[in-house]
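Novice:
Protein chains in written order, with the working numbering: chain A, 1 to 407; chain B, 1 to 90.
See the structure below:
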């Protein structure tokens with residue numbers, strides 16, 4: 001009897017012990033699960049980056065301290081496929097501090113070589129506007145002629161885009177195809193001297209048409225040093241309504257059937273040349289704008305006029321930095337030269353033939369901070385006129401000393 | 001205009017010829033066998049100076065890498081290898 005009681009006690013103790021072990025293991029597993037959740041890789045990440053440039057400009061007209069850009073860039077990533085990017089453009093223009101939205105869009109990597117992007121994005125018309133415009137990337141303190149305000153090339157717009165890059169044998173191919181709101185044509189009712197010009201800053205559409213465009217870039221060399229790109233952009237920039245509605249003399253003027261075809265060729269060659277102990281950087285872009293003919297009204301002499309609405313702009317630039325030099329100071333210097341030209345339609349009130357030569361000496365304080373000393377000579381066939389200054393391409397020369405930084 | 005079209009035609013022809021030659025002479029294995037460091041050196045410098053790995057953390061490099069994949073049309077393989085290199089060297 002006594003033995004039976006002892007066996008029963010052992011049995012009960014054994015069961016209790018097993019239950020206690022199960023409970024402990026469950027607790028350990030629960031803790032492990034909690035740790036796993038805590039240690040799970042972060043799916044989202046936010047960054048604030050950007051760039052700035054400031055300095056002074058000395059021209060024949062005046063000497064100015066200037067802040068040409070302060071552009072915060074916001075990046076938000078979810079996982080490894082989804083990205084939101086936005087850039088604010090802050091600058092002083094004509095004595096006014098302006099804030100503009102450079103871009104704000106969402107990108108999703110659908111699969112290898114296919115990205116879908118929607119929102120306001122930089123238009124890949126050539127490469128300067130999309131890739132080289134940040135002040136710490138641009139080798140010069142100014143933009144080449146034909147870009148920016150009243151330029152030939154579209155900069156940013158609202159729409160949707162598919163793009164990507166992939167290997168093609170030993171070469172690489174990249175592409176972009178997009179539809180955006182597109183420009184509107186200046187009909188002369190607000191700025192008669194600019195009638196016939198395209199206005200790319202056009203957040204509110206004036207018609208049901210969308211501009212479509214594409215860029216195809218090929219990097220034929222296996223070391224990616226050379227890229228050649230071809231761009232095309234088509235738009236119908238007119239409204240179905242006459243801008244002179246209510247004016248019996250001019251309400252027959254209508255720009256609904258006006259079309260604009262823009263094309264560009266761009267080239268980039270960047271290579272470390274060992275015998276030269278440095279990096280050679282050559283870039284260029286040729287842009288052509290062809291807008292169908294239309295009749296415009298000149299309120300100054302109440303006449304009507306038309307012209308062949310063709311404009312072209314190009315730039316070529318070259319830079320050399322002795323990055324492989326042993327001297328720590330010498331290797332941070334860079335010399336650069338650029339020639340650009342911009343021709344607007346003969347017969348228009350904004351007809352001009354501008355050219356610009358810029359030479360520069362840069363000193364790199366870090367990979368993204370540079371001091372730029374530029375000397376720029378501008379020539380223009382139009383003396384004075386709207387928006388003409390040494391900064392925007394009027395006659396005269398200018399010295400610029402700027403510091404640009406990416407952050 | 002005719003002259004311009006002629007020049008563009010020549011550029012395009014040279015361009016296609018160079019692509020054809022290159023595609024025939026270099027094996028794909030050479031391309032896919034490139035290290036992250038080599039791709040970092042070849043691709044970043046196309047627009048700007050090659051970045052210093054120590055300037056950002058691993059998470060930041062992932063975000064910047066994705067940004068550059070979209071902006072500069074980098075291939076997926078290039079982006080992954082460059083991020084891996086920068087994260088290992090920071």
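Backbone N, C-alpha and C fix where the C-beta goes; we use that ideal spot for every residue, glycine too.
1) Compute the beta-carbon to beta-carbon distance between residue 376 (chain A) and residue 397 (chain A), rounded to the nearest angstrom, for a pair I have assumed lies under 8 Å.
2) Between residue 152 (chain A) and residue 178 (chain A), which are expected to be in contact by the criterion C-beta below 8 Å, what is the C-beta distance as a whole number of angstroms?
3) Starting from the C-beta of residue 231 (chain A), find all residues in its chain whose C-beta is less than 6 Å away, skip the five residues before and the five after it, and write them out in chain order.
4) Taking C-beta pairs closer than 7 Å, name the residues in chain A that residue 74 (chain B) reaches, listed in chain order.
5) Helix, strand or coil for residue 85 (chain A), going by three-state DSSP, please let me know.
6) Tell me, which residues are paired with residue 149 (chain A) by DSSP?
7) Counting only Cβ-Cβ distances shorter than 9 Å, please list the residues of the region 125-145 of chain A near chain B, keeping chain order.
8) How should residue 368 (chain A) be labelled, buried or exposed, when 16 other C-beta atoms within 10 angstroms of its C-beta is the threshold for buried?
9) At a cut of 8 Å, does the region 235-249 of chain A reach the region 191-211 of chain A through at least three beta carbon pairs?
10) How big is the Cα-Cα spacing for residue 269 (chain A) and residue 284 (chain A)?
11) Can you determine whether any heavy atom of the ligand GTP sits closer than 8 Å to the C-beta of residue 36 (chain B), and answer yes or no?
12) Using a Cβ-Cβ cutoff of less than 8 Å, which residues in the same chain neighbour residue 379 (chain A) once the five nearest sequence positions on both sides are dropped?
13) Could you tell me which uninterrupted alpha helix (DSSP H) segments, each at least 4 residues in length, are contained entirely in the region 42-75 of chain B, listed from first to last along the chain?
14) Around the C-beta of residue 87 (chain A), are 16 or more other C-beta atoms found within 10 angstroms, so that it is buried, or is it exposed?
15) My guess is that residue 74 (chain A) and residue 342 (chain A) are in contact by the Cβ rule of under 8 Å, so how many angstroms apart are they, rounded?
16) Under 9 Å between beta-carbons, which chain B residues line up against residue 316 (chain A)? List them in chain order, please.
17) Using 9 Å as the threshold, is the C-beta distance between residue 321 (chain A) and residue 360 (chain A) below it?
18) Kindly indicate which residue of B:63, B:85, B:70 has the alpha-carbon position closest to the one of residue 46 (chain A).
19) Please identify the residue among A:400, A:405, A:303 whose C-alpha is closest to the C-alpha of residue 63 (chain A).
20) Among A:332, A:338, A:323, A:171, which has the Cα closest to the Cα of residue 363 (chain A)?
21) Name the chain B residues that come within less than 8 Å of residue 223 (chain A), Cβ to Cβ?
22) Residue range of the beta strand (DSSP E) that residue 373 (chain A) falls in?
23) Does residue 411 (chain A) come out as helix, strand or coil in the three-state DSSP assignment?
24) Which class does residue 201 (chain A) belong to by DSSP, given the choice of helix, strand or coil?
25) Does the distance from the CB of residue 405 (chain A) to the CB of residue 53 (chain A) come in under 9 Å?
26) Among A:43, A:351, A:105, A:366, which one has its Cα closest to the Cα of residue 79 (chain A)?
27) Please compile the residues from chain B whose C-beta is within a distance smaller than 8 Å of the C-beta of residue 172 (chain A).
28) Is any beta-carbon of chain B found at less than 9 Å from that of residue 177 (chain A)?
29) Return helix, strand or coil for residue 242 (chain A), following the three-state DSSP convention.
30) If you compare alpha carbons, which of A:220, A:157, A:168, A:68 is closest to residue 181 (chain A)?
31) Name the DSSP bridge partner or partners of residue 72 (chain A)?
32) In terms of residues, what are the limits of the beta strand (DSSP E) holding residue 318 (chain A)?
33) Could you tell me the distance, in whole angstroms, from the CA atom of residue 68 (chain B) to the CA atom of residue 274 (chain A)?
34) Using the beta-carbon count (16 or more within 10 Å), is residue 304 (chain A) buried or exposed?
35) According to DSSP, is residue 210 (chain A) helix, strand or coil?
Specialist: Considering the structure as presented:
1) 7 Å
2) So it is not a contact: roughly 18 Å between Cβ atoms.
3) 125, 126, 215, 264
4) 165
5) strand
6) The partner list for residue 149 (chain A) (beta bridge, DSSP) is empty, contrary to what the question assumes.
7) 127, 130, 131, 132, 134, 136, 137
8) buried
9) yes
10) 9 Å
11) As far as ligands go, the structure on display features none, and thus does not contain the ligand GTP.
12) 354, 355, 356, 395
13) 58-71
14) buried
15) Actually they do not touch by this definition, with Cβ atoms about 33 Å apart.
16) In chain order: nothing, as chain B lies at least about 13 Å away.
17) no
18) B:63
19) A:400
20) A:332
21) 42
22) 369-380
23) In this structure chain A extends from 1 to 407, so residue 411 (chain A) is not present and cannot be described.
24) coil
25) yes
26) A:43
27) 75
28) no
29) coil
30) A:157
31) A:50
32) 309-321
33) 27 Å
34) exposed
35) coil
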